[in-house]
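Trainee:
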Ligand SMILES: C[S@@+](CC[C@H](N)C(=O)[O-])C[C@H]1O[C@@H](n2cnc3c(N)ncnc32)[C@H](O)[C@@H]1O
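Numbering (my numbering), first residue to last: 40 to 336.
(1) Roughly how many angstroms lie between the CA atoms of residue 119 and residue 158, to the nearest whole one?
(2) Examine ligand 1 and report whether any of its heavy atoms sits within less than 8 Å of the Cβ of residue 223.
(3) Report the residue ranges of all alpha helix (DSSP H) runs contained in full by the region 177–237; include only those spanning at least 4 residues, in chain order.
(4) Just to confirm before moving on: does the CB-CB distance between residue 221 and residue 325 stay below 9 Å?
(5) Kindly list the residues whose CB is nearer than 8 Å to the CB of residue 302, restricted to its own chain and excluding five residues on each side of it in sequence; keep chain order.
(6) Quick one, are the C-beta atoms of residue 139 and residue 329 less than 9 Å apart?
(7) For residue 238, count neighbouring C-beta atoms within 10 Å of its own C-beta (all shown protein chains included) and say buried if the count is 16 or more, exposed if not.
(8) For residue 153 and residue 203, what's the separation of their Cα atoms in angstroms?
(9) In its own chain, which residues sit with a C-beta less than 6 Å from the C-beta of residue 291, not counting the 5 before and 5 after it?
(10) Where does residue 239 sit, in a helix, a strand or coil, going by DSSP?
(11) Do residue 208 and ligand 1 come close, with the Cβ less than 8 Å from some heavy atom?
(12) Below 9 Å between beta carbons: does that hold for residue 246 and residue 149?
(13) Does ligand 1 have a heavy atom nearer than 8 Å to the CB of residue 126?
(14) Counting along the chain, where does the alpha helix (DSSP H) carrying residue 260 start and finish?
(15) Smallest Cα separation from residue 174: which of 242, 251, 310 and 218?
(16) Beta strand (DSSP E) containing residue 61: first to last residue?
(17) In terms of residues, what are the limits of the beta strand (DSSP E) holding residue 73?
Right, here's the structure in full:
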């Protein structure tokens, strides 16, 4: 954990400040723990990664599932992150997001990459243009973050890249502490994305920016699902039907830019929604959008 992120952590429920107790090497945390003032709350820090998620709530914890994911993709364990990283750098659509990445870099400061997944969200593209970027990658997956850390160490190019395992609907981060939050298929793919937006608003400094490239199902196709199924999905993903512009404005943000881009037809296995659509034999497309919003001064 780089120094620039060391003073942002709080307990996820009470939001009490946490201090680090443990080994520090070259100004970076390595192994120790984060604890509150009274000492009745603490989480381990392992190889510099604060671990706020128990194995039962970690979707990547099961070794068999890890093996199955790797086997399905035909990848060796050590190639899991490099495969996603290189894939994004060589992505044919990459040029379309250049202005977007430049916007994030130009805004500067500390960036939280929400639910980074194996792809790392937009971090690979940001780091490719600005290796000095201050990025905190977070996910529920401990294994994933350790793989990312090892990959980052092997690259030796990103001195400020840091990692933390937490739930983005319960951010263990102080209010008003970061300059930007970035989501590339993060918010729209998780349960409780609407709460993650409220939490993002809280942790951003005034004038801080939310950068999202996410997607929602195309309305007409979504409405072809049985009513009960629609209701269940809307309950977990309130942006479906309501739209992200409304949700984000309700969270307190001012929208700077909103643009609908391409559509993609979901294939069985792509996501939970893709599998539901396949079950009801509905061709379901998702509409991608770019959104930049700011927390007012
Ligand atoms: C949302 S997608 C990842 C998209 C990602 N931006 C990428 O580029 O690969 C899936 C990831 O979200 C993580 N995730 C799901 N719910 C989460 C939550 N509440 N908090 C943090 N991470 C979450 C999963 O562990 C998984 O790695």
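Note that CB positions come from ideal geometry on N, CA and C, so glycine has one too.
Mentor: The relevant details are as follows:
(1) 9 Å
(2) yes
(3) 181–194
(4) no
(5) 257, 324, 325, 326 and 327
(6) yes
(7) buried
(8) 11 Å
(9) 240
(10) helix
(11) yes
(12) no
(13) no
(14) 258–261
(15) 218
(16) 58–64
(17) 67–74
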